[in-house]
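Asks:
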Amino acid sequence: MIPVPKNFLFGEDHLSASIALAIAQGKTKGSISEETREKVVRSRTIVENIVEKGHAVYGINTGFGPLCTTKISKTETKILQTNILQSHSVGVGTPIASEIAKLMMILKVHSLAKGYSGISEITLDRILWHIDNDAIPLVPSQGSVGASGDLAPLSHLFLPLIGLGKVIYRNEEITTAQLFKKTGLKPLELGPKEGLALINGTQFIAAHAVKVVEKLHSCLSQADIIGTMMIEGLQGSVKPFYKELHALRPFKGNIHVATRIKSFLEGSEIMEDHIDCDRVQDPYSLRCMPQVHGASRNAWLHLKELLETELNSVTDNPIIIDEELTISGGSFHGQPLAMAIDYACLAASEIGNISDRRIYLALEGNSPGVPKLLMKDTGINSGYMILQYTTAALASENKGLCFPSSADSIPTSLGQEDHVSMGSISGRKALRVLENVEKILAIELLTAAQAFEFRKPMKSGILLDEIHQKIRTKVAFADKDRVFANDIEAGIAMIKDKTIIKVIERVSKREKLDLSTPYSQEFENY
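Numbering of the sequence shown is given in the numbering used here, commencing with residue 5 and proceeding in unit increments.
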């Protein structure tokens, strides 16, 4: 990963998923320069002049959606902006994670600070206050159709600006009225267009996409490592990972995965032990990891690249270009991200699917020296049999979640918004799939470590040996049945904490190992 900066200028610097996460986690400080403030003020002045002149411009002095032909008087333009936040706050369901709500604010500030939205400095500074002070609004998870922007969740996100809604502040859920009592803040009076600028945009979709990029990258990296451990445990062949093979079908993801796996196997006594065995080839779940993991890597890269464009875009409506030109367009439409998130959702599911197949393979007892069900004394013991039931259930659940949300559209706004992206559902669904994949990988980690044990006293290369040692500090070898749910919970904690990735980083640094591939720059940075 490229180190994140200590400081970030909203509206000026280039935002990436990792920088957005760093700001949300307090590792990077976001601020607004004087030059950017001048652009914001200039855009705000244009909006005020439009109101003064009385020319009809959508969302500034007209109604919204199907009411776009309804002219609003100069005195009512401010009331209109407050009303839109209230009327559009119709979300339902469990609130989204506070980190995602905070990401939404970060992404919105960056978009507004570009100076094309007509927002006021006062409003922008209040959002910054919420970010800097971790006063995170409660945002229901359901209600957005992903065009015209994420209207319902963004409305809930910004209700606290006008004194309404709820927030999480100092680990406590309180009303905004209580927040104002604690902090001395007062409700803002939104000016013309401000309410619309706040709620038009794709920040709900994009914030979920940031987390998809982060979580899928972690799962992909760990799947390569765990899959390699399974190759060692089951004495698979190293030949399917030779660069000569992948040069003939040079997909970036395939080459990246094959090179990584080959590096993890370097110096392995286990590989040397069966170099002249009579087995011709391995099952696909071992042999085709570069092709399957690699395809998912390519999907991840596609999402990362599209997301980065979105993070640095202006997605509200209308757009204020200059005194003479305001454009009511469709940049709030979530389709560019919705389709890519659905693709990434499928890519994540496939990582869990092939992981389940490797787990099943490990239980069959067809690899010399590895007992059936990964336990010598079976009959009285069931061994690891039932752990695969869980991964089968999770993999099946994921398959059901892979239907692309972006394939659906239900007209809204009395037909004015007659095609919508449903990208908000894509984002929420992809994260559900990834939660399941983390659990599947945790179980494969346990089964791979168990199979690995039967290769002793032979050693693997230094990377996998140290990973195995680390696993054994958390989960002991199983020579008889026990409550495996406890082991699984420990495995899930290791996956979420990226324990085995940290071991790889630590050992490779200590031993001065070069684990780079021709495409590391693209696949290891976001």
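Each residue gets a CB set at the ideal place from its N, CA and C atoms; glycine is no exception.
Who pairs with K33 in a beta bridge, going by DSSP?
Replies: For this step, residue 33 is matched to residue 29 along the sequence shown. K33 pairs with N11.
Asks: For K478, which residues in the same chain have their Cβ closer than 7 Å to its Cβ, ignoring the five residues on either side in sequence?
Replies: Residue numbering aside, residue 478 sits at position 474 when the sequence shown is read from its first letter. Same-chain partners within the cutoff: A494, M498.
Asks: With a cut-off of 8 Å, do at least 3 Cβ pairs link the region 103-123 to the region 25-41?
Replies: With the cut-off at 8 Å, the region 103-123 and the region 25-41 touch.
Asks: From S531 to V149, what distance separates their C-alpha atoms?
Replies: Since the first residue of the chain shown is 5 and the last is 530, residue 531 is not available in this structure.
Asks: Beta-carbon within less than 6 Å of P240's beta-carbon, same chain only, minus the 5 sequence neighbours each way: which residues are those?
Replies: As a first step, residue 240 must be located in the sequence shown, where it is residue number 236. Sequence check: residue 240 is Gly here, not Pro. These residues qualify, in order along the chain: D286, L290.
Asks: Less than 8 Å between the beta carbons of N385 and D491, yes or no?
Replies: Within the sequence shown, numbered from 1, the residue matching residue 385 stands at position 381. Within the sequence shown, numbered from 1, the residue matching residue 491 stands at position 487. Not a contact, by the Cβ cut-off of 8 Å.
Asks: Below 8 Å between beta carbons: does that hold for P141 and H160?
Replies: Counting from 1 along the sequence shown, the entry for residue 141 is found at position 137. Counting from 1 along the sequence shown, the entry for residue 160 is found at position 156. Cβ atoms of P141 and H160: closer than 8 Å.
Asks: Go through its chain and collect everything with a Cβ distance to S410's Cβ below 7 Å, but skip five positions before and after it.
Replies: Working through the sequence shown from its first residue, we reach residue 410 at position 406. Closer than 7 Å at the Cβ level, and outside the excluded window around S410, lie Q339, A342, M343, D346, S425, M426, G427, S430.
Asks: Excluding the five sequence neighbours on either side, which residues of its own chain have a C-beta within less than 7 Å of the C-beta of R432, listed in chain order?
Replies: For the purposes of this step, residue 432 is taken as residue 428 along the sequence shown, with counting starting at 1. Apart from sequence neighbours up to five positions away, the residues of its chain that approach R432 with a beta-carbon distance below 7 Å are S145, H212, ordered along the chain.
Asks: I need the DSSP call for V424, collapsed to helix, strand or coil.
Replies: Your numbering for residue 424 matches position 420 in the sequence shown. In the structure shown, V424 adopts coil according to DSSP, grouped into three states.
Asks: Here's the rule I'm using: 16 or more other beta-carbon atoms within 10 Å means buried, otherwise exposed. How should G383 be labelled?
Replies: By one-based count along the sequence shown, residue 383 stands at place 379. Within 10 angstroms of the beta-carbon of G383 lie fewer than 16 other beta-carbons, which makes it exposed.
Asks: Which of the three DSSP states is assigned to E448 in this structure?
Replies: In the sequence shown, the residue the question calls residue 448 occupies position 444. E448: helix per DSSP, three-state reduction.
Asks: Measure the C-alpha to C-alpha separation of M462 and K10 and round it to an integer number of angstroms.
Replies: The residue labelled residue 462 in the question sits at position 458 within the sequence shown. The residue labelled residue 10 in the question sits at position 6 within the sequence shown. Approximately 46 Å between the Cα atoms of the pair.
Asks: Where does V171 sit, in a helix, a strand or coil, going by DSSP?
Replies: The residue labelled residue 171 in the question sits at position 167 within the sequence shown. V171 falls in the strand class under three-state DSSP.
Asks: What do you get for M109, buried or exposed, if any count of 16 or more other CB atoms within 10 angstroms of its CB means buried?
Replies: Within the sequence shown, the letter at position 105 stands for residue 109. Label assigned to M109: buried.
Asks: If I measure Cβ to Cβ from E193 and keep anything under 7 Å in the same chain, skipping five residues before and after, which residues do I get?
Replies: Within the sequence shown, numbered from 1, the residue matching residue 193 stands at position 189. Counting only Cβ-Cβ distances below 7 Å, and skipping sequence neighbours, we find K82.
Asks: Where do the N-terminal and C-terminal ends of the beta strand (DSSP E) with S145 fall, by residue?
Replies: Translated into the one-based positions of the sequence shown, residue 145 becomes position 141. Taken as a continuous stretch (DSSP letters only), the beta strand (DSSP E) holding S145 covers 144-146.
Asks: Check the DSSP bridge columns for T416 and list the partner residues they point to.
Replies: The residue labelled residue 416 in the question sits at position 412 within the sequence shown. For T416, which the question treats as bridged, DSSP gives the partners E421.
Asks: Please state if the CB of S359 and the CB of A227 are separated by a distance shorter than 8 Å.
Replies: Locating residue 227 in the sequence shown gives position 223, counting from the first residue. Locating residue 359 in the sequence shown gives position 355, counting from the first residue. Yes, the Cβ-Cβ distance between A227 and S359 is below 8 Å.
Asks: Find out if the Cβ-Cβ distance for the pair Q295, G195 is shorter than 8 Å.
Replies: What you label residue 295 is simply residue 291 of the sequence shown in a count that begins at 1. What you label residue 195 is simply residue 191 of the sequence shown in a count that begins at 1. It is not a contact, given that the beta carbons lie outside the stated cut-off.
Asks: By alpha-carbon positions, which one of D501, F14, S272, G97 ends up nearest to V318?
Replies: Position 314 of the sequence shown, counted from the first residue, corresponds to residue 318. Out of D501, F14, S272, G97, F14 has the C-alpha closest to the C-alpha of V318.
Asks: What is the residue span of the beta strand (DSSP E) that E515 lies within?
Replies: Walking along the sequence shown from the start, residue 515 turns up at place 511. Taken as a continuous stretch (DSSP letters only), E515 belongs to no beta strand (DSSP E), as it is neither H nor E.
Asks: When DSSP labels each residue in this structure, what does G97 get in the three-state scheme?
Replies: Residue 97 sits at position 93 when you count from the first residue of the sequence shown. Correct three-state label for G97: strand.
Asks: List the whole-angstrom C-beta distance separating L367 from M389, where the pair is believed to meet the contact cut-off of C-beta under 8 Å.
Replies: For the purposes of this step, residue 367 is taken as the residue at position 363 of the sequence shown. For the purposes of this step, residue 389 is taken as the residue at position 385 of the sequence shown. Yes, they are in contact, since the Cβ atoms of L367 and M389 sit about 6 Å apart, within 8 Å.
Asks: What does the alpha-carbon distance come out to for the pair E236 and R301?
Replies: Within the sequence shown, numbered from 1, the residue matching residue 236 stands at position 232. Within the sequence shown, numbered from 1, the residue matching residue 301 stands at position 297. Approximately 23 Å, taken between the alpha carbons.
Asks: Kindly give me the distance between the Cβ atoms of F336 and T206, rounded to whole angstroms, as I take these residues to be in contact under 8 Å.
Replies: Taking the first residue of the sequence shown as 1, we reach residue 336 at position 332. Taking the first residue of the sequence shown as 1, we reach residue 206 at position 202. That belief holds up - the Cβ atoms of F336 and T206 are roughly 6 Å apart, short of 8 Å.
Asks: Residue ranges of each alpha helix (DSSP H) run of no fewer than 4 residues wholly in the region 253-291, ordered along the chain?
Replies: 256-268, 273-277, 288-291
Asks: Does the region 464-477 touch the region 263-271, meaning 3 or more C-beta pairs lie closer than 8 Å?
Replies: yes
Asks: Any chance you could list the alpha helix (DSSP H) runs of at least 4 consecutive residues sitting entirely within the region 286-322, in chain order?
Replies: 288-291, 293-315
Asks: Rounded to a whole number of angstroms, what is the C-alpha to C-alpha distance between V96 and K170?
Replies: By 1-based counting over the sequence shown, the position of residue 96 is 92. By 1-based counting over the sequence shown, the position of residue 170 is 166. Cα to Cα, the separation comes out at about 14 Å.
Asks: Nearest by alpha-carbon distance to E328: which of N53, K185, D277 is it?
Replies: Position 324 of the sequence shown, counted from the first residue, corresponds to residue 328. Ranking N53, K185, D277 by Cα distance to E328 puts N53 first.
Asks: Would you mind giving the Cβ-Cβ distance between L405 and L220, rounded to the nearest angstrom? I have them listed as a contact below 8 Å.
Replies: Locating residue 405 in the sequence shown gives position 401, counting from the first residue. Locating residue 220 in the sequence shown gives position 216, counting from the first residue. At roughly 14 Å, the Cβ-Cβ gap does not stay under 8 Å, so L405 and L220 are not in contact.
Asks: Mind checking whether I323 and Y62 have CB atoms under 8 Å apart?
Replies: Your numbering for residue 323 matches position 319 in the sequence shown. Your numbering for residue 62 matches position 58 in the sequence shown. Cβ atoms of I323 and Y62: not closer than 8 Å.
Asks: Could you tell me whether the Cβ atoms of V55 and I123 are closer together than 8 Å?
Replies: Counting from one through the sequence shown, the residue named residue 55 turns up at place 51. Counting from one through the sequence shown, the residue named residue 123 turns up at place 119. Result no, Cβ atoms of V55 and I123 do not sit closer than 8 Å.
Asks: Going by alpha carbons, who is nearest to A482 out of E457, L445, H114, A210?
Replies: Residue 482 sits at position 478 when you count from the first residue of the sequence shown. Ranking E457, L445, H114, A210 by Cα distance to A482 puts E457 first.
Asks: For K308, collect the residues of the same chain with a Cβ closer than 6 Å to its Cβ; drop the 5 residues on either side in sequence, then sort them by chain order.
Replies: Mapped onto the sequence shown, residue 308 falls at position 304. Closer than 6 Å at the Cβ level, and outside the excluded window around K308, lie V217, Y530.
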